[in-house]
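J.: Take the position in the sequence shown, starting the count at 1, then add 1182; the result is the number in my numbering.
Mind looking over this structure? Questions follow.
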Amino acid sequence: MGNGSTAIFPIQIWKKKRGVNYLPGDRNYDLYQMACKVTAKRFFPNYLNLDATYNQCDKWKADDPKRYEYEVATMGCRTRVFENRFGKKTSIGRGNLSFTSVNIVRLAIECMSIENKEERIAKFFEKLDATLAIAAKQLHERFNFQKTALAKQFPLLMSRLWIGSEKLKPNDTIESVINQGTLGVGFIGLAECLKALIGKHHGESEEAQQLGLKIVTFMRDKCNDFSEQYSHGYAVLATPAEGLSGSFTRRDKKEFGIIPGVTDREYYTNSSHVPVYFKCTAIEKAKIEAPYHDLERAGHIFYVEIDGDATHNPDVVASVVDMMDKYNMGYGSINHNRNRCMDCGYENADKEMTKCPKCGSENIDKLQRITGYLVGTTDRWNRAKLSELNDRTTHSL
Ligand SMILES: [Zn+2]
């Protein structure tokens, strides 16, 4: 942007597709290489993997100029809309209507007093089942309110953008078309939930990973049941939890006190991610988190934190995209450091920089990613997210 500064909004997304732009020899391979170079310096683009099994569509043809109609799209932060119970499988002309997140950590804490492990886990699933039913009902009730809105309240969206909206008259309600949208059932803190249930999170033990997959698979299956029951498109969301991450934790800490590995930080871990403080390589992280992407059809994201200056090494970006390709992940993004002197434009990747080495100015913009969007200053972050930022470890490639 102006004077070469980084554009922080909107998020640019690169759609990676074999046969188009991923392998050497693909017609747009050169653009892919350039995209990696841009990410290494500017954080964006993020990468959307059109080759993931669940991101494919039978109707997609490489030589069809309208193939984009059959490609998945995601909102920058992660929200994903693609499957459609009520029409064409597309991301165009549709959107997510609402989502509600379940505090699975709290459900697990409530079961901690049960000594027998099998009984404890069984009780957790019983509670999860009941809570998901409430979330689905609440989303349905909200839908019933949303559908009473009139087309004229959304002059652009409900006259030409949304699927079917062209047939609506200004005073019609949007009821006949709104079910093209999706309802998300989200969750945060799978890591803390597993700690509470069996003492280890999914980065630490295979048993925890299996239980984690069982929990999110259960949520996915329930969402399919709700879709039948209420006749909507429910799906599981890996909630980013910008605010929730702190508020759930504060509430639980107040009620249950400090439980090591569960409520002893200011935040709960983002969705099904391994905790930001957990030391592992990027590949280990990819292997653990990948299988959740297929289950989280309302949105998911894979983050890798890299250390130092990536600008001289765009291959690290390509190697993260390779992991997404190899492990069937849907969407991913790379975090690193980027400082910019607001007075002279000097840039570097030094995490500790507080003063411009070129002109001495202390007016430094430090680019950082909160849960998807970039911010140049951490002044307005909430305490929980600041605490998470401080805990973030880097992942070696
Ligand atoms: Zn300067």
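Built from N, CA and C at the ideal position, the CB exists for glycine as well.
(1) What are the boundary residues of the beta strand (DSSP E) that S1515 is part of?
(2) How long is the line joining the alpha carbons of K1382 and Q1392, rounded to whole angstroms?
(3) Do M1511 and A1468 have their beta-carbon atoms positioned less than 8 Å apart in this structure?
(4) Expressed to the nearest angstrom, what Euclidean distance is found between the alpha-carbon atoms of Y1211 and T1282?
(5) Find the nearest neighbour of L1379 within the set L1310, A1423, D1354, judged by alpha-carbon distance.
(6) What number of angstroms, rounded off, separates the C-alpha of D1525 from the C-alpha of S1543?
(7) Report the residue from E1448, I1546, S1387, D1497 whose alpha carbon sits nearest the alpha carbon of K1567.
(8) In three-state DSSP terms, what is V1284?
(9) By alpha-carbon positions, which one of N1517, E1487, I1360 ends up nearest to G1269?
(10) Residue range of the beta strand (DSSP E) that L1198 falls in?
(11) Exposed or buried, D1434, counting other C-beta atoms within 10 Å across all chains shown (16 or more means buried)?
(12) Which residues, in chain order, sit with a beta-carbon under 6 Å away from any heavy atom of ligand 1?
(13) State the start and end residues of the unbroken beta strand (DSSP E) segment that holds I1370.
(14) Just list the alpha helix (DSSP H) runs in the region 1422 to 1507, keeping only unbroken ones of 4 residues or longer that don't cross its boundaries, in chain order.
(15) Below 8 Å on the Cβ atoms is my guess for R1267 versus S1409; work out the distance and round it to an integer in Å.
(16) Comparing alpha-carbon positions, which option in R1249, G1514, T1536 lies nearest R1520?
(17) Express the C-alpha separation of H1455 and A1417 in angstroms, rounding to a whole number.
(18) Quick test of your reading: G1415 and T1364, contact by CB under 8 Å. State the CB separation rounded to the nearest angstrom.
(19) Q1335: buried (16+ other C-beta within 10 angstroms of its C-beta) or exposed?
(20) Can you give me the C-alpha to C-alpha distance between V1254 and L1205, rounded to a whole angstrom?
(21) Thinking C-alpha only, which one of Y1474, E1386, G1186 is nearest T1463?
(22) Where do the ends of the beta strand (DSSP E) carrying A1417 lie?
(23) So the alpha helix (DSSP H) Y1229 belongs to, where does it begin and stop?
(24) Based on the DSSP secondary-structure assignment, which residues constitute the bridge partners of N1599?
T.: Result, derived from the coordinates:
(1) 1513 to 1517
(2) 12 Å
(3) yes
(4) 40 Å
(5) L1310
(6) 7 Å
(7) E1448
(8) strand
(9) I1360
(10) Looking at the sequence provided, one finds Lys at residue 1198 rather than Leu. K1198 -> beta strand (DSSP E) spans 1195 to 1198.
(11) buried
(12) C1523, D1525, C1526, Y1528, C1538, K1540, C1541, S1543
(13) 1364 to 1370
(14) 1426 to 1438, 1464 to 1477
(15) 6 Å
(16) T1536
(17) 18 Å
(18) 4 Å
(19) exposed
(20) 20 Å
(21) E1386
(22) 1415 to 1420
(23) Segment 1228 to 1231 is the beta strand (DSSP E) holding Y1229; no alpha helix (DSSP H) there.
(24) Summary: the structure shown does not reach residue 1599, with the chain confined to residues 1183 through 1579, and so no result is reported for it.
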